[in-house]
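Some notes on the structure that comes next.
Numbering (my numbering), first residue to last: 998 to 1255.
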C-alpha cells in the first residue's frame, strides 16, 4: 500500500481533486477528504450518534459506513463530523480520513469495526497526521488516497499535483521552518549544538506528535520509540526533541480549544 496526499488552500479545490481522482479510476473507498469547519448543513448530512468517543472530544456527529459521505457531490463511502482536540471541527468524507482522525483510541470505529480492510488500515499515514492537523488549523483541506499499487499511486500523485496541491513533504518542511528558530534558541541556551543535532532533535520532536505518543511521557513511550528509532531514541537530542514536541502538542490543545 502507498499513501498519497495533497494539501489544498480551499475545500472547493480539494473536492475538485477528489472528483478527478475518481475520473482517473481510483475507487471511492480509497479516497478521503478532510476539511476544517462544520456548518449546520454539513452536520445535517451526517447521521448523528449520542456516543462520545474517548480521547476525541465531543463528537459533533460521527457515523461511518454505508454510503453516507456526501461532499460537493462526492460519495466517498462514509462521513464524520468531529471535534478534534487541538484542531477544532473537521468534516471527514471517506473511510480513510475518518479512521485516521480516530487513531489513538478514538473514533469512529471504522478500522476496529472492519469497515476498513486491514491492508488499508496499515497504510494509514499516522506519522503524517500532525501535518494534516496543522493544515486544517490553517483553514486548508486535505485529500488522501491509499493506492492499490505503485501505478495507481503515480496516477494519484499526478492528479493531485495538477489540481494545485502542496505536497505533504513541502507542508512538513514549511511547518518545521516556522518552528525552527524558536527550537534553535531553546536548544542552544545551555550550549547545545543545534546545527549538528537538529536532525535527531527533529525526529524526537515529530515522534512526540504521533497519535500513539500523545499524552505519553518519553518513558511511557519508550518501547515504541525503540522499535521505530533504535538506539537513536536514547540520544540526548532525541529526548529533548521529544519533550519539546510534547510541549508543542499541549500548546496546540490549549490554543485551539473548542
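For glycine and all other residues, C-beta sits at the position ideal for the given N, C-alpha and C. Computed from a predicted structure; not experimentally measured.
Residue i versus residue j: straight-line alpha-carbon distance, rounded
i            : j            : result
residue 1167 : residue 1125 : 12 Å
residue 1018 : residue 1222 : 36 Å
residue 1058 : residue 1091 : Its pLDDT being 38, under 50, residue 1058 is placed unreliably by the model, and the measurement read from it follows with that caveat. Going from the Cα of residue 1058 to the Cα of residue 1091 covers about 15 Å.
residue 1183 : residue 1238 : 10 Å
residue 1218 : residue 1206 : 12 Å
residue 1023 : residue 1136 : 26 Å
residue 1243 : residue 1020 : 41 Å
residue 1204 : residue 1133 : 20 Å
residue 1046 : residue 1236 : Residue placement at residue 1046 cannot be trusted, given a pLDDT of 37 that sits under 50; what the coordinates show is reported in the next sentence. Computed Cα separation, rounded: 40 Å.
residue 1245 : residue 1180 : 10 Å
Within 9 Å, strictly: CB atoms of residue i and residue j
i            : j            : result
residue 1011 : residue 1214 : no
residue 1173 : residue 1200 : no
residue 1009 : residue 1157 : no
residue 1031 : residue 1098 : yes
residue 1084 : residue 1078 : no
residue 1177 : residue 1195 : yes
Local Cβ density within 10 Å of residue i, reported as buried at 16 or more and exposed below that
i            : result
residue 1190 : exposed
residue 1121 : buried
residue 1148 : exposed
residue 1004 : buried
residue 1130 : buried
residue 1251 : exposed
residue 1015 : buried
residue 1227 : exposed
Cβ-Cβ separation, residue j to residue i (assumed contact under 8 Å), whole Å
i            : j            : result
residue 1197 : residue 1160 : In fact, because the Cβ distance is near 36 Å, the residues do not count as touching under 8 Å.
residue 1165 : residue 1128 : 6 Å
The stretch 1140-1151 contacting the stretch 1012-1030, beta-carbon criterion three pairs below 8 Å: yes
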